[in-house]
Amino acid sequence: MIDKSNQNITLRVCLEDVGTHNKAVLDFFFAKLGQHTFSRVDTQEEANVLIIDYDYPPARHRYEEEYQQWNKPTIVLSISPVELEGVVWLSKPLTSRALLDAAGDVQSELVAGSSDKPESRKAPADAAEAQALHQRAKAEETAQREALLQRPEIKPAAAAVPNIPLVPALTESVDQSVEDKKPAEQSEQSEQSEQSEQSEQSEQSEQSTAAAAPPIAQVVLTDEELEARWQQLCGTQQDIDPKADLSEIQAEDGFFLSSLKDAVRLARQCQQGVLLNFPDTRIYVLPEIHRVFCAIPTHSPEFIDFIKSCSAADGGKMHILSTKEIHELNDMIAQQTSALYDLESFVWTSSLLSAEGKLSRALDPSKPVDLRHWPSLTRLERFPHVMPVAALWSADSLSAFDVARSLNIPQRYVFSFYNAASALGLIEQDSDKLIKKQSTSRTTEAPRGLFSRLLKRLIGG
1 MIDKSNQNIT LRVCLEDVGT HNKAVLDFFF AKLGQHTFSR VDTQEEANVL IIDYDYPPAR
61 HRYEEEYQQW NKPTIVLSIS PVELEGVVWL SKPLTSRALL DAAGDVQSEL VAGSSDKPES
121 RKAPADAAEA QALHQRAKAE ETAQREALLQ RPEIKPAAAA VPNIPLVPAL TESVDQSVED
181 KKPAEQSEQS EQSEQSEQSE QSEQSEQSTA AAAPPIAQVV LTDEELEARW QQLCGTQQDI
241 DPKADLSEIQ AEDGFFLSSL KDAVRLARQC QQGVLLNFPD TRIYVLPEIH RVFCAIPTHS
301 PEFIDFIKSC SAADGGKMHI LSTKEIHELN DMIAQQTSAL YDLESFVWTS SLLSAEGKLS
361 RALDPSKPVD LRHWPSLTRL ERFPHVMPVA ALWSADSLSA FDVARSLNIP QRYVFSFYNA
421 ASALGLIEQD SDKLIKKQST SRTTEAPRGL FSRLLKRLIG G
């Protein structure tokens, strides 16, 4: 409970170290019951209380390496108990009563810290110095973290390539720019500053090593290698007459693809990690960071064999990750960063490899459909004619046969796009929701300016 004598103490908090789902819960709480107790600020430096999502690896790492030395009261959100000095643990899922009780504990700690500790003036000075160091290194750390956690670009690769890391090559340039800035900063920093900077540099070095190992090589694929990869993605199915039997170009979704779609749907609904368990490997779907962890490289023959050989008899059971499994996954990610894939990219590639140019039976190639919005082709694996297909389908409601005929391209490339886009939820099949996008004549629809209208009246039109 909140002591009435402490109610005049406002808790300034920053939510940059809280996961997406819990951030939404806290935002709602701050706008209602907590509006007189909490105040949101933009950075942790401005906050007088830290809120840390301990189940979110980057936030936990920043707290243990940086924030802990600031000696600020801390509220830790975690599924499992956390026993640390000066920390108030809140169990997930969060409740309003637990948040109010935690606020009361923190307010009491702030009052006790300001009145009972004679050395309390020295601690803020040390904390301010550490915060200043953190602020200078924050831009560099953010660039490193974004290179690791944000959606990376997936470049087409041949099947012979064992595994191409999904972290962009700009990581090396970020490291270089960081090194260029170090000499100028070292001359202005005290001995304590240098020690703090060395710890930051070692942290960045570890992240860079994890992100860039093995080194990213510029792979130049031959025409034969590209053709082989495109056959893996889109198959070799020949065109058929739209009036012919569609059974030749349609097939049921494979067991792996169906299981993957179900796992993604469950993960997004509950906003928690989901494990898809197979005898040969485990697939982790992580919606909060928009990633999938799969130890089998998606460009390897083993991944294709795994997709084709999956069956209900082999398992494919899924469940929400437990606390123990979350910790195990964190260790695996640290050891094998290249196995972390963008979620949409993983579903896109899995759909292509599973279908091999054929359509799901739920998709009718003769029925006009809409493309709800463009797929992010900068991070999805491409194949021939993917851009023209996306452009034409986004302009008008057309059937797959119409798209292939309009572009004069093999039907298998249109079917492949249709399948993969449908797996990502980009296809609108409801005829009541289809939007007819018709081009209008510029001469009849263009708005007229004031001068044009006056001239028309003078002429007598």
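For what it's worth, the numbering used here labels the leading residue of the sequence shown as 1, then goes sequentially.
C-beta: ideal position from N, C-alpha, C; glycine also.
Within the model, the alpha-carbon separation for Ser366 versus Ser399 is close to 5 Å. Each residue's CA atom was taken as its position, placing Thr298 and Ala112 some 56 Å apart. Only residues of its own chain outside the window of five on either side were considered, and among them none has a CB closer than 7 Å to the CB of Glu328. For Thr74, DSSP records a beta bridge to Leu50, Val87. In this structure, the alpha-carbon of Glu225 lies about 20 Å from that of Arg379. Contact check for Leu276 and Ser259: beta-carbon distance about 6 Å, within the 8 Å limit, so the pair qualifies. Looking at the backbone, the Cα of Pro410 and that of Leu233 are separated by about 14 Å. Taking C-alpha positions only, Thr95 is separated from Ser351 by approximately 39 Å. Within the same chain, and ignoring the five residues on either side of Gln237 in sequence, the residues whose Cβ sits closer than 7 Å to its Cβ are Ile249, Gly357, Lys358, Arg412. The way I'd put it, the region 42 to 53 does touch the region 71 to 83; three or more beta-carbon pairs between them come closer than 8 Å. Beta-carbon to beta-carbon, Val88 and Asp105 are separated by about 5 Å, close enough to satisfy the 8 Å threshold.
Burial state of Ser91 is exposed, judged by a 10 Å Cβ sphere holding fewer than 16 other Cβ atoms.
Judged by beta-carbon spacing, Ala295 lies within the 8 Å limit of Gln336, meaning their Cβ atoms are closer than that value.
With contacts defined as CB atoms closer than 8 Å, Ser422 and Asp253 fail to qualify as a contacting pair. Take Val18, set aside five residues on each side of it, and the residues of its chain with a beta-carbon closer than 8 Å to its own are Leu26, Ile51, Ile52, Asp53, Tyr56, Ala59, Leu77, in chain order.
Judged by beta-carbon spacing, Tyr67 lies within the 8 Å limit of Gln44, meaning their Cβ atoms are closer than that value.
Annotated three-state conformation of Gln429 is coil, per DSSP.
In this structure the region 375 to 395 does not lie against the region 237 to 246, because fewer than three pairs of beta carbons, one per stretch, are closer than 8 Å.
In the three-state reduction of the DSSP assignment, Val13 falls in the strand class.
Under the three-state reduction of DSSP, His290 is assigned to coil, being neither helix nor strand.
Counted as a single uninterrupted DSSP element, the alpha helix (DSSP H) harbouring Val403 occupies residues 400 to 407. The beta carbon of Phe255 sits closer than 7 Å to the beta carbons of Cys310, Ser311, Ala312, Gly316 from its chain, once the five residues preceding and following it are set aside; these are given in chain order. Under the three-state reduction of DSSP, Ile296 is assigned to coil, being neither helix nor strand.
In this structure Leu110 is not in contact with Phe29, their Cβ atoms being roughly 20 Å apart against a cut-off of 8 Å.
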